[in-house]
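Numbering (the working numbering), first residue to last: 43 to 171.
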Amino acid sequence: MSSTAILCVDDEASILEALKQQLKRCFGDQYVYEVAQSAEEAWLVIDELELESIKILIIVSDWLMPNVKGDEFLTQVHQRFPKIITVMLTGQADESAIERAKQEANLFACIHKPWSEQDLQNVISAALN
43 MSSTAILCVD
53 DEASILEALK
63 QQLKRCFGDQ
73 YVYEVAQSAE
83 EAWLVIDELE
93 LESIKILIIV
103 SDWLMPNVKG
113 DEFLTQVHQR
123 FPKIITVMLT
133 GQADESAIER
143 AKQEANLFAC
153 IHKPWSEQDL
163 QNVISAALN
């Protein structure tokens, strides 16, 4: 089993399933692929992976989610884990939210919905290199 992970966070289960399938097709068994349907659930996954000594390399997070928006979540992640690469996935983030995430969460990239598998692969590959 891989000792590194990619975490996807989105409040829509169908989006998470699509991301997970595409990542598996692109990167095979190189990574553990985890998903969460909210920022709160993502923190539980992060803690669990930490306990299992699995290092999260990248978090891909939706912007528009209930309770905690993606830019806020990624900023919190960056404060606690500055080495995790952050990517925002959005169909509706305003430019100020993207800019804030770049400033406060060291946002690597923003992928706009609907995305292509090639776009996802390019962003993740670039982030890992």
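Quick reminder that beta carbons are idealized off the backbone N, C-alpha and C, glycines included.
- Inter-residue distance for G70 and N109 is about 33 Å (C-alpha atoms, whole angstroms).
- Secondary structure at D71: helix, using DSSP grouped into helix, strand and coil.
- The beta carbon of V87 lies closer than 7 Å to those of L49, E76 and A78 in the same chain, with the five residues before and after it left out.
- When the five nearest sequence neighbours on each side are left out, the beta carbons in the same chain lying within less than 6 Å of the beta carbon of L106 are those of Q134, in order along the chain.
- In this structure, DSSP gives I96 a state outside helix and strand, which the three-state scheme calls coil.
- With a cut-off of 8 Å on Cβ pairs, the stretch 57-68 is not in contact with the stretch 81-96, counting fewer than three such pairs.
- In this structure the stretch 155-169 lies against the stretch 120-137, because at least three pairs of beta carbons, one per stretch, are closer than 8 Å.
- Rounded to the nearest whole angstrom, the CA to CA distance from L116 to D52 is 12 Å.
- Distance from the CA atom of A151 to the CA atom of N171, rounded to whole angstroms, is 14 Å.
- DSSP lists no bridge partner for D161.
- With fewer than 16 other CB atoms across the displayed protein chains lying within 10 angstroms of its CB, S45 is exposed.
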